[in-house]
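**Student:**
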Amino acid sequence: QGKRDGRGTYRVFESAMDEALKARARLEADLRVAIETGQIEPYYQPVVALPGQTVTGFEVLARWRHPEKGLLMPSTFISVAEETGMIGDLSYLILRRACLDARAWPGHLQLAVNIAPQQFQNPDLALRILAILTETGFQAHRLEVEITETAIVQDLEATRATLGALQALGVRVALDDFGTGYSSLYHLRELRFDKLKIDRSYVDSIGEGDERAKLVDAIIKLGSSLGLVTTAEGIETEASVDWLSNQGCDYGQGYLFGKPMPREEIDRRLDEGLLDTGPVEAPEIGPR
Ligand code: C2E
Ligand code: MG
Ligand code: MG
Ligand code: MG
Numbered sequence: 239q240g241k242r243d244g245r246g247t248y249r250v251f252e253s254a255m256d257e258a259l260k261a262r263a264r265l266e267a268d269l270r271v272a273i274e275t276g277q278i279e280p281y282y283q284p285v286v287a288l289p290g291q292t293v294t295g296f297e298v299l300a301r302w303r304h305p306e307k308g309l310l311m312p313s314t315f316i317s318v319a320e321e322t323g324m325i326g327d328l329s330y331l332i333l334r335r336a337c338l339d340a341r342a343w344p345g346h347l348q349l350a351v352n353i354a355p356q357q358f359q360n361p362d363l364a365l366r367i368l369a370i371l372t373e374t375g376f377q378a379h380r381l382e383v384e385i386t387e388t389a390i391v392q393d394l395e396a397t398r399a400t401l402g403a404l405q406a407l408g409v410r411v412a413l414d415d416f417g418t419g420y421s422s423l424y425h426l427r428e429l430r431f432d433k434l435k436i437d438r439s440y441v442d443s444i445g446e447g448d449e450r451a452k453l454v455d456a457i458i459k460l461g462s463s464l465g466l467v468t469t470a471e472g473i474e475t476e477a478s479v480d481w482l483s484n485q486g487c488d489y490g491q492g493y494l495f496g497k498p499m500p501r502e503e504i505d506r507r508l509d510e511g512l513l514d515t516g517p518v519e520a521p522e523i524g525p526r
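The sequence shown maps to residues 239 to 526 in UniProt numbering.
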């Protein structure tokens, strides 16, 4: 009796494993098709200069318009793309489309794109980006590349080389999700980033009296003393934007200012004058 139960449980487990493997294989195959057939689309989230609401540019975020499942978020496909080596094709496709879309927008607006750690280790990254900039006519100084510390941890020297190559083109490099994962002062000492993006987990509903306030304040001061511009991501409340502005945070991003939107929505808001696009002066990047 007991034996049969055990065997039955094993069969259930086996077929669940089977299903999971099949689902994963299907996802990988679908993603490959999605990349090839244009189902991966750029969405744009406004970045604003603090204090105020002036939009200085957009962060480009990938979305998958799946023929059956609808609009899928990066959490469902970015890690798959990374693990299968498709992330390069996906990110370059997003960058290329964003550069083309941005041609219709005011010429001083910036674009920020996310680049995966393994792409950053690739010595071809700067050349690939240069090729896309040249092809689309998008100026290097309007582009910012965002990387996470996972990239640095993998290979400091490769990161340093890519960072230098991008900056030599005039592209700025931001350290994304700062405060999570492997954050280390050593990385800031060893590598010359242009910007720190304070992770959303520190930012949401931040304000006086919050345990995290001292840390965020310290990050902003650290950034400015190293000549780095700071952006807070994930701002959702008026109170937190007031507090962050008072602490001297340079830029903000979050649902309070706008969720990630398709190109048509950005076009519409620009046409109807719903986005204040400045111009504002960019904060001076300090001496190196
Ligand atoms: P990220 O680069 O840190 O992007 C910020 C994420 O926070 C986005 O999630 C954005 O929608 C979300 N967010 C912004 N403001 C708020 C807010 O006020 N509240 C809340 N709850 N969330 C907010 P999303 O679009 O789901 O992207 C997740 C991550 O996927 C990104 O994190 C980035 O690491 C990665 N990713 C997205 N697109 C690409 C891409 O084209 N290439 C690569 N390599 N990675 C990408
Ligand atoms: Mg980012
Ligand atoms: Mg981020
Ligand atoms: Mg984040």
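Backbone N, C-alpha and C fix where the C-beta goes; we use that ideal spot for every residue, glycine too.
Is it buried or exposed for His346, if we count other Cβ within 10 angstroms and need 16 for buried?
**Tutor:** With fewer than 16 Cβ atoms within 10 Å of its Cβ, His346 is classed as exposed.
**Student:** Can you tell me whether Asn484 is buried or exposed? The criterion is at least 16 other CB atoms within 10 Å of its CB, across all chains shown.
**Tutor:** Burial call: exposed.
**Student:** Taking just the CA atoms, how far does Thr247 sit from Ala254?
**Tutor:** Answer to the nearest angstrom: the Cα atoms are 11 Å apart.
**Student:** Using the three-state DSSP reduction, which class does Val250 fall into: helix, strand or coil?
**Tutor:** Here Val250 sits in helix by DSSP.
**Student:** Starting from the N-terminal side, write out each stretch of the beta strand (DSSP E) that is 3 residues or longer and does not extend beyond the stretch 360-409.
**Tutor:** Counting whole runs of 3 or more residues, the stretch 360-409 contains the beta strand (DSSP E) stretches 381-385.
**Student:** So Glu266 and Thr322 are supposed to be a Cβ contact under 8 Å. How far apart are they, rounded?
**Tutor:** That belief holds up - the Cβ atoms of Glu266 and Thr322 are roughly 6 Å apart, short of 8 Å.
**Student:** Below 8 Å between beta carbons: does that hold for Arg380 and Leu331?
**Tutor:** No; because the gap between Cβ atoms is not below 8 Å, this pair is not in contact.
**Student:** Helix, strand or coil for His425? Go by DSSP, reduced to three states.
**Tutor:** Of the three classes helix, strand and coil, the one that applies to His425 here is helix, per DSSP.
**Student:** Near Ile457, which residues of its chain fall below 8 Å by C-beta distance, leaving aside the five closest residues on each side in sequence?
**Tutor:** Correct list, in chain order: Phe416, Gly417, Leu434, Ile436, Tyr440, Thr468.
**Student:** Around the Cβ of Met324, are there at least 16 other Cβ atoms within 10 angstroms (buried) or fewer (exposed)?
**Tutor:** Buried, by the Cβ-count rule.
**Student:** Kindly indicate the opening and closing residues of the alpha helix (DSSP H) around Leu508.
**Tutor:** Note, Leu508: alpha helix (DSSP H), 501-509.
**Student:** Following a CB-centred definition, is Leu437 positioned closer than 7 Å to any heavy atom of ligand 2?
**Tutor:** For clarity, residue 437 is Asp in the given sequence; the question names Leu instead. Incorrect: Asp437 has no Cβ contact closer than 7 Å to ligand 2.
**Student:** Specify the secondary structure class of Ile436 as computed by DSSP and reduced to three states.
**Tutor:** Three-state DSSP puts Ile436 in a strand.
**Student:** Helix, strand or coil: which one does DSSP assign to Thr275?
**Tutor:** DSSP places Thr275 in helix when its eight states are reduced to three.
**Student:** Considering only the alpha carbon of each residue, which of Leu429, Gln291, Leu365 lies closest to Gly490?
**Tutor:** The shortest Cα separation from Gly490 among Leu429, Gln291, Leu365 belongs to Gln291.
**Student:** Compare the C-alpha of Phe296 against each of Gly447, Leu394, Thr475, Glu382 and name the closest.
**Tutor:** Of the candidates Gly447, Leu394, Thr475, Glu382, the one whose C-alpha sits nearest the C-alpha of Phe296 is Glu382.
**Student:** Shorter than 7 Å, the distance from the beta carbon of Asp415 to the closest heavy atom of ligand 3, or not?
**Tutor:** Yes - ligand 3 has a heavy atom lying nearer than 7 Å to the Cβ of Asp415.
**Student:** Taking the C-alpha atoms as reference points, what is the distance between Asp488 and His425?
**Tutor:** Looking at the two C-alpha atoms, the distance is approximately 21 Å.
**Student:** Quick check: the stretch 365-375 against the stretch 443-458, are at least 3 beta-carbon pairs closer than 8 Å?
**Tutor:** As far as the Cβ criterion goes, the stretch 443-458 does not touch the stretch 365-375, which means the pair count is below three.
**Student:** Can you tell me whether residue 206 is helix, strand or coil according to DSSP?
**Tutor:** Since the first and last residues shown for the chain are 239 and 526, residue 206 lies out of range.
**Student:** Is Gly240 helix, strand or coil when you go by DSSP?
**Tutor:** Residue confidence for Gly240 is low, a pLDDT of 48 falling below 50, so the modelled location carries little weight; the figure read from the coordinates is stated next. Of the three classes helix, strand and coil, the one that applies to Gly240 here is helix, per DSSP.
**Student:** Going by DSSP in three states, Leu515 sits in which element: helix, strand or coil?
**Tutor:** This sequence places Thr at residue 515; Leu is not what is there. Here Thr515 sits in coil by DSSP.
**Student:** When the Cα atoms are used, what is the spatial distance from Ala399 to Asn352?
**Tutor:** Those two C-alpha atoms are separated by around 18 Å.
**Student:** Using 8 Å for Cβ pairs, my map puts Leu299 next to Pro312. What's the rounded Cβ distance?
**Tutor:** 7 Å between Cβ atoms; contact.
**Student:** Where in the stretch 448-501 do unbroken runs of the beta strand (DSSP E), each at least 3 residues long, occur, reported from the N-terminal end onward?
**Tutor:** Complete beta strand (DSSP E) runs here, min 3: 467-471, 489-491.
**Student:** Do you know whose CA, among Phe495, His304, Lys497, Ser463, lies nearest Arg264's CA?
**Tutor:** If we check each option's Cα against that of Arg264, His304 comes out closest.
**Student:** If you follow the beta strand (DSSP E) that Gly326 is in, where does it begin and where does it stop?
**Tutor:** That residue, Gly326, is in no beta strand (DSSP E); its alpha helix (DSSP H) goes 325-339.
**Student:** Compare the C-alpha of Arg410 against each of Glu395, Leu394, Arg438, Gln377 and name the closest.
**Tutor:** Cα-wise, what sits closest to Arg410 is Gln377.
**Student:** Measure the alpha-carbon distance for Leu328 versus Ile278 and round it to whole angstroms.
**Tutor:** Taking the straight line from one Cα to the other gives about 8 Å.
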